Amino acid sequence: MAHVHPRPLSRRALTGALLAGALAGAVTAVPPAHADPSKAELQQKITKQSAVLKQVTEDYNEAREDLRATQKRVAELTKRMPGLAKQVETARADFAQAASATYKVGNLQQASALLSDPDGDSMLRRLGVIDQLTQRRQARVSDLTTASRTYAADNQRLATEAARQQLKLSDLGKRKEKIEADLDDFYALRRRVYGTETSGGGGYRGKVPKVSGRAGAVVSFAYGAIGKPYQFGGAGPGGYDCSGLTMAAWRQAGRSLPHNARMQWNGMARVDRSALAAGDLVFYNGQSHVGVYVGGGKVIHAPTYGESVKISPVGMMSIDGYGRP
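Residue 321 in my numbering sits at position 308 of the sequence shown; the count goes up by one each step and never skips.
1. Going by CA-CA distance only, name the one from 311, 278, 199 and 272 that's closest to residue 290.
2. Rank 53, 316, 228 and 103 by C-alpha distance to the C-alpha of residue 268 and give the top, closest one.
3. Please report how far the alpha carbon of residue 84 lies from the alpha carbon of residue 175, in whole angstroms.
4. Residue 273 by DSSP, collapsed to three states: which one?
5. How about residue 295 and residue 306: are their beta carbons less than 8 Å apart?
6. Give me the residue from 329, 255 and 222 with the minimum Cα distance to residue 278.
7. Keeping to the same chain, check which residues put their C-beta closer than 6 Å to that of residue 230; ignore five residues upstream and five downstream.
8. Helix, strand or coil for residue 232 per DSSP?
9. Does DSSP classify residue 318 as helix, strand or coil?
10. Between which residues of its own chain and residue 65 is the CB-CB distance below 7 Å, once the five residues before and five after are set aside?
11. Just to confirm my understanding: we take residue 165, look at its own chain, exclude 5 residues before and 5 after, and list those with CB closer than 8 Å. What are they?
12. Any idea if residue 282 is buried or exposed, counting beta-carbon neighbours within 10 angstroms, 16 or more meaning buried?
13. Can you give me the Cβ contacts of residue 75 inside the same chain, cut-off strictly under 7 Å, excluding the 5 residues immediately before and after it?
14. How many Å lie between residue 77 and residue 103 at the Cα?
15. Counting along the chain, where does the alpha helix (DSSP H) carrying residue 261 start and finish?
16. In chain order, what residues of the same chain lie with their CB nearer than 7 Å to the CB of residue 263, ignoring the 5 residues before and after it?
Written as structure tokens, this is what we have:
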């Protein structure tokens, strides 16, 4: 039987075969498309980052309050130091004058007169009084000099502390920007995939409940803030963060609160849930969030970045407790 040799492929056929194989390999090499997260997964990411941002915001507010207090103390010391320096200068001149007078009284000529003076006891008493006055002046110079040095040291220490606090503020501000950028990405993805905008927007159009006393002004202000955007470190009128809103609301009633939820919590009386009244403050999640109780089981609060001031159920998150300014 004759041996049959296989017919060689033409150049065109060979090229086609290689191209087909390459295309097949390319198709199998393409990784599967990454599925968009579900709406629930996106909301979970947003909730998690929002919680982190609330903590960063309140840390920022606390650091800012501390810095303001430090700067105020520095300003007070700086204002007092020139006056203290002048007192030291005057006391030194007074001491020098007294010391000179003592020397003049105590020179040899005066001593000779003292020995020949029948009323020598009187002269000795006068010398003793002058010596005591000189010692007092010297002690005053010493005290004022010590105080001046203490003021200068305190001023330097506080200036160093202010610089440290300013650096902390800067670091927290950078963290805030990173978190907000992440939230922007999440919100954009949610809009693109699910067509869902961020919550909030629009003022309150319902009936504002009437509340008597100082709390009435607080509640009325809180309702008026509904729809205002969340603003990092904001205390109005254009936007608010949580403690900025409660601070601004209680300012209407003549009560000054710090711009920090933890400081507000530490500076007011506690209230039991059974005694909770409109105008009281509700604190959440380790004092990382606070809202104004407006009655009917509702609070008005500034939720987080990308949202607006709104009214929510009082039990919307883990409650630390209740306070009354």
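Note that CB positions come from ideal geometry on N, CA and C, so glycine has one too.
Because the structure is a prediction, the values reported are computed rather than measured.
On the basis of the supplied data:
1. 311
2. 228
3. 7 Å
4. coil
5. yes
6. 255
7. 265 and 266
8. helix
9. coil
10. 192
11. 94
12. exposed
13. 273, 275 and 276
14. 40 Å
15. 255-264
16. 231, 270 and 338
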